[in-house]
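Novice: Starting off with a structure, shown below.
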């Protein structure tokens, strides 16, 4: 075991898991802030007179545009400045912007406030990936990233479960009175979602700041040009970005429109929709994110180096028919079973995508490549997916009640496309990772000694 690996082992103690826990809390709160709007589609359309396309823009494009572009910019900051300071600033920005969403009374200002949420949250993922990658050795990273990735699932569950409960509570009292004046139920939901990050943002300053692994080899971040890495690995990087972007499109579209679909198709109210979706998606995502990391690690230990692509492609393939069944079913219970499977696949892909990216990324470029990866997955996933559904519903079907048909088209198509891309690329991915494992010289020249999941075994 070399000095770099020994240093990583020493970090993976109490403070390392404290970092995982705090980053997990921040990730949960970030999803709470970004996803609460999916429960507010009906009241926003009613109170602000918004169209389907405007709702699609608010759910996806307004947030995703700056989130994706900001991820690239902040990736450079992550490779240069203290990660915990970047997380602190970003968290405060998204918290205040989320509160601002609740104080707006027009589409334009709500769009701007959602952009603020996006630019603040754009700091978290590149910084968290880089920080955890420098904190944990490869053989334990899958577990760490799996636990961190669970934040997305739990955040969605909280936004749906707690958000649905709060909406029902506020609806009974016709809103709440605050020092800022009267807030309608949907406004109060935004304000409440923005308050906890103010506290956890301050706690981000207590995160450990481990030594950057690349610098342990004596190379500054600028030593490995980003374009050089992308050019040398253009084939596998294209598969990585395209395959997992399809996974993101499926997952984000499901989260964005499932509440509205249940309301329009089954007549359920937010107080009923929230807990039901929270249970289905929360349980599914927990099993997927934590289980896929452990399974990928076991496969890796048995010599199956393409485990991350294999698991993601398999999950996407299996989920495809369930996307059709769920959104065309007349029964809400069959629908919930169907989206359990669909979201399971999306959560597996989330974890496997993060892990495989770190393995393919030179340590000095983790922040920038993570930012670029998040740009692609979010622009195509969160930005394009919900908007496609809205446009199909409004301009092709001309019927709000047919959102389920649009979903039955978009989600399985994305799943199958992602499965094909990753299925065709897994051998190439495995070959590259195996070559990097075989010799330290290859690791340093190909720069694949990056984090993965607990799955990745390190040679002693």
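In the numbering used here, the protein residues as written are 409 to 868.
Think of the CB as a built atom: it goes at the ideal place given N, C-alpha and C, for glycine as much as any other residue.
Please read all numbers here as calculations on a predicted model, not as lab measurements.
If you check the beta carbons only, do residue 869 and residue 503 fall under 8 Å apart?
Specialist: Residue 869 lies beyond the stretch modelled for the chain, which goes from 409 to 868, so this question has no answer here.
Novice: For a test of your reading of the model: does the CB of residue 658 fall under 7 Å from any non-hydrogen atom of the ligand MN? Yes or no.
Specialist: Annotation note on the ligand MN: not contained in the displayed structure, which lists no ligands.
Novice: How would you label residue 805, buried or exposed, when you count the other beta carbons within 10 angstroms and need 16 or more for buried?
Specialist: Under this definition residue 805 is an exposed residue.
Novice: Within 8 Å, do at least three Cβ pairs link the segment 729 to 747 to the segment 517 to 533?
Specialist: Counting Cβ pairs under 8 Å, fewer than three are found: no touch.
Novice: Among the residues of its own chain, which have a CB less than 7 Å from the CB of residue 426, if the five just before and after it don't count?
Specialist: None.
Novice: Between which two residues does the alpha helix (DSSP H) containing residue 695 stretch?
Specialist: First-last of the alpha helix (DSSP H) with residue 695: 678 to 709.
Novice: Quick check on residue 763: does DSSP put it in helix, strand or coil?
Specialist: Three-state result, residue 763: helix.
Novice: For the alpha helix (DSSP H) holding residue 584, just list the boundary residues, first then last.
Specialist: No alpha helix (DSSP H) contains residue 584, which is instead part of the beta strand (DSSP E) from 584 to 586.
Novice: Quick check: the Cα distance between residue 481 and residue 474, rounded to an integer number of angstroms?
Specialist: Answer to the nearest angstrom: the Cα atoms are 10 Å apart.
Novice: With residue 591 as the anchor, note down where its beta strand (DSSP E) starts and where it stops.
Specialist: Residues 589 to 591.
Novice: Specify, as a first and last residue, the run of the alpha helix (DSSP H) that residue 639 falls within.
Specialist: First-last of the alpha helix (DSSP H) with residue 639: 634 to 640.
Novice: Could you check whether the segment 703 to 710 touches the segment 765 to 773, counting it as contact only if at least three pairs of C-beta atoms, one from each stretch, sit closer than 8 Å?
Specialist: No: the two stretches stay apart, fewer than three of their Cβ pairs being nearer than 8 Å.
Novice: DSSP on residue 460, reduced to helix/strand/coil?
Specialist: It is helical.
Novice: Using a Cβ-Cβ cut-off of 8 Å (strictly less than) and excluding sequence neighbours within five positions of residue 676, which residues of its own chain qualify?
Specialist: For residue 676, where only same-chain residues beyond five positions count, the Cβ hits under 8 Å are 670, 684, 740.
Novice: Just to confirm, is the Cβ distance from residue 589 to residue 438 under 8 Å?
Specialist: Their beta carbons are not under 8 Å apart, which means residue 589 does not touch residue 438 by this criterion.
Novice: Touch check for the segment 601 to 608 and the segment 711 to 727: three-plus C-beta pairs under 8 Å?
Specialist: As far as the Cβ criterion goes, the segment 601 to 608 does not touch the segment 711 to 727, which means the pair count is below three.
Novice: Identify every run of the alpha helix (DSSP H) within the segment 754 to 800, keeping only runs that are complete inside it and at least 4 residues long; order them along the chain.
Specialist: Fully enclosed alpha helix (DSSP H) runs of 4 or longer: 774 to 786, 793 to 799.
Novice: Would DSSP call residue 628 helix, strand or coil?
Specialist: With a pLDDT of 42 at residue 628, under the threshold of 50, the modelled position of that residue is not reliable, and the figure given next carries that caveat. Coil at residue 628, not helix or strand.
Novice: Is it buried or exposed, residue 622, if we count other Cβ atoms within 10 angstroms and call 16 or more buried?
Specialist: Summary for residue 622: the model assigns pLDDT 47, below 50, so the residue's position carries little reliability, and this model does not support an answer.
Novice: Label residue 807 either buried or exposed according to how many other C-beta atoms from any shown protein chain fall within 10 Å of its C-beta, with 16 as the threshold for buried.
Specialist: Counting Cβ neighbours within 10 Å, residue 807 comes out exposed, since fewer than 16 surround it.
Novice: Terminal residues of the continuous alpha helix (DSSP H) containing residue 735?
Specialist: 715 to 736 is the span of the alpha helix (DSSP H), which, as asked, contains residue 735.
Novice: Between the Cα of residue 772 and the Cα atoms of 476, 541, 515, 528, which residue gives the shortest distance?
Specialist: The shortest C-alpha separation from residue 772 is found at 541.
Novice: On the DSSP letters alone, give me the boundaries of the alpha helix (DSSP H) that residue 478 sits inside.
Specialist: Unbroken alpha helix (DSSP H) run through residue 478: 470 to 486.
Novice: Helix, strand or coil for residue 490? Go by DSSP, reduced to three states.
Specialist: DSSP places residue 490 in coil when its eight states are reduced to three.
Novice: If I measure Cβ to Cβ from residue 715 and keep anything under 7 Å in the same chain, skipping five residues before and after, which residues do I get?
Specialist: Answer for residue 715: 704, 707, 708, 863, listed in chain order.
Novice: For the segment 569 to 576 and the segment 649 to 664, state whether three or more C-beta atom pairs, one from each stretch, are separated by less than 8 Å.
Specialist: Segments in contact, no.
Novice: Give the C-beta separation of residue 557 and residue 443 to the nearest angstrom, bearing in mind that I take them to be a contact with Cβ-Cβ under 8 Å.
Specialist: That pair is no contact at about 15 Å.
Novice: So is residue 594 buried or exposed if we call it buried at 16+ other beta carbons inside 10 Å?
Specialist: Buried is the call here.
Novice: I want to know whether the segment 452 to 470 touches the segment 784 to 804 - three or more CB-CB distances under 8 Å.
Specialist: Because the criterion of three Cβ pairs below 8 Å is met, the segment 452 to 470 and the segment 784 to 804 touch.
Novice: Going by DSSP in three states, residue 509 sits in which element: helix, strand or coil?
Specialist: Correct three-state label for residue 509: helix.
Novice: Please report the distance separating the alpha-carbon of residue 774 from that of residue 817.
Specialist: C-alpha separation (whole angstroms): 35 Å.
Novice: Does the segment 447 to 465 come into contact with the segment 490 to 505, if we say contact requires no fewer than three beta-carbon pairs (one atom in each stretch) closer than 8 Å?
Specialist: Not touching, per the Cβ criterion.
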